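First comes the structure, then the notes that go with it.
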Amino acid sequence: QVQLKESGPGLVQPSQTLSLTCTVSGFSLTSYSVHWVRQHSGKSLEWMGRMWSDGDTSYNSAFTSRLSISRDTSKSQVFLKMNSLQTEDTGTYYCARKNFDYWGQGVMVTVSS
Amino acid sequence: DVVMTQTPVSLSVAIGQPASISCKSSQSLVGTSGKTYLNWLLQRPGQSPKRLIYLVSKLDSGIPDRFSGSGSETDFTLKISRVEADDLGVYYCLQGTHFPNTFGAGTKLELK
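Residue numbers (our numbering), protein chains in the order written: chain A, 17 to 129; chain E, 4 to 115.
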């Protein structure tokens, strides 16, 4: 069955780089795109960017200068890297499939020294 | 960016009673294909969001027909005909027609 699972460090220091991995199963990254979505605690959802099935990427302009999304199709993994982290980047990060029909469990990230 | 405005912010409903949530977009969500990419999601407490409805009114697999979606252009509604305990959580509308994808602020459904 279709599954997505985020992984990464729970704690990142301010000004450092966040690296998250979304590992998928039950579908191919060359057939379906994968989104990254962020949720501040108790707040709404914010679309960050997308890895398209052809390997292209799209980014929310709110993150463009510091966000990078890549993938390893052989490992069925999509990666998120975001630099210059600030406390405002604290939240839960989700990956979701193409039309948001499947979501990962999310990974909580705290930015703090 | 397209702004998605949801009302009400919160809703207290008794079991067995109906519920209705509105979502209004700042631009028409009709895409160049003629399709309207408006989804409804439910985030239960402590869980990740789950899609309930896509393309305005199509129910995802396993979603009971107590749920229904309607609307067009900029005005959309999610209705629950008879609320059950399992329905509590925060409901979000999400548009996928215009770049970037944007979400409503959420409507919290509580049981009365």
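No residue lacks a Cβ here, since even glycine has one placed at the ideal position from N, Cα and C.
Quick caveat: nothing in here was measured; it's all calculated off a predicted structure.
So, is the C-beta of residue i closer than 7 Å to a C-beta in chain A?
{"i": "Phe70(E)", "result": "no"}
{"i": "Gly109(E)", "result": "yes"}
{"i": "Pro52(E)", "result": "yes"}
{"i": "Pro103(E)", "result": "yes"}
{"i": "Phe106(E)", "result": "yes"}
Counting only beta-carbon atoms, is residue i nearer than 7 Å to chain E?
{"i": "Tyr109(A)", "result": "no"}
{"i": "Gln19(A)", "result": "no"}
{"i": "Ser60(A)", "result": "yes"}
{"i": "Gly122(A)", "result": "yes"}
{"i": "Trp52(A)", "result": "no"}
{"i": "Phe116(A)", "result": "yes"}
{"i": "Pro76(A)", "result": "According to the sequence as given, residue 76(A) is Asn; it is not Pro. At least one chain E Cβ lies under 7 Å of Asn76(A)."}
Taking DSSP's pairing of strands, which residues face residue i in a bridge?
{"i": "Gln9(E)", "result": "Cys26(E)"}
{"i": "Gly142(A)", "result": "This structure cannot speak to residue 142(A), because chain A is shown only from 17 to 129."}
{"i": "Trp43(E)", "result": "Ile56(E) and Cys96(E)"}
{"i": "Tyr110(A)", "result": "Val53(A)"}
{"i": "Lys82(E)", "result": "Ser23(E) and Ser71(E)"}
So is residue i buried or exposed if we call it buried at 16+ other beta carbons inside 10 Å?
{"i": "Glu22(A)", "result": "buried"}
{"i": "Ile18(E)", "result": "exposed"}
{"i": "His51(A)", "result": "buried"}
{"i": "Asp90(E)", "result": "buried"}
{"i": "Leu58(E)", "result": "exposed"}
{"i": "Arg47(E)", "result": "exposed"}
{"i": "Gly58(A)", "result": "exposed"}
{"i": "Thr35(E)", "result": "exposed"}
{"i": "Asp105(A)", "result": "buried"}
Please report the Cβ distance between residue i and residue j, rounded to the nearest whole angstrom; I am assuming they are in contact, meaning their Cβ atoms lie under 8 Å.
{"i": "Thr46(A)", "j": "Thr89(A)", "result": "6 Å"}
Is the stretch 110–124 of chain A touching the stretch 80–90 of chain E in the sense that three or more CB pairs, one from each, lie closer than 8 Å?
no
Does the stretch 7–20 of chain E come close enough to the stretch 79–90 of chain A to have 3 or more Cβ pairs within less than 8 Å?
no
Does the stretch 28–40 of chain A come within contact of the stretch 91–108 of chain A, defined as at least 3 CB pairs closer than 8 Å?
yes
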